[in-house]
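Per my numbering, the sequence shown starts with residue 1376, numbered consecutively.
Working notes, beginning with the structure itself.
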Amino acid sequence: MFIDDLELSLQDDVNSGLTLDDITIILMLFADDMVIFGKSPQELQNSLNLLHTYCLKWGLEVNTAKNKNNVFLKTWSIK
């Protein structure tokens, strides 16, 4: 119930998250796990800063021992 508005808090601007067709994905939640999506390391850092602010506002705490960061870079090749 606490995180009902979390996605809106992480949506810093209209370009936040990843867009597939017409669907924008900012985060995925399952039980007590969360994945935050972004197009760049800077966007991910911005989302983490917004998450920090959100947690301070609502008195929540992130378990940093379970925290993992993955950055996947998309490369283009022209044939």
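We put the beta carbon where it would ideally sit given N, CA and C, even for glycine.
All figures in this text were calculated on a predicted structure; none of them were measured in a lab.
Cβ contact annotation for threonine 1399 (same chain, cutoff 8 Å, sequence separation greater than five): Ser1391, Gly1392 and Leu1393, in chain order.
With fewer than three CB-CB distances shorter than 8 Å, the segment 1412 to 1422 does not count as touching the segment 1432 to 1441. The beta-carbon separation of leucine 1425 and leucine 1385, rounded to 5 Å, stays under the 8 Å limit for a contact. In this structure, leucine 1402 lies away from valine 1389, with their beta-carbon atoms at least 9 Å apart. For threonine 1399, the enclosing beta strand (DSSP E) covers residues 1398 to 1400.
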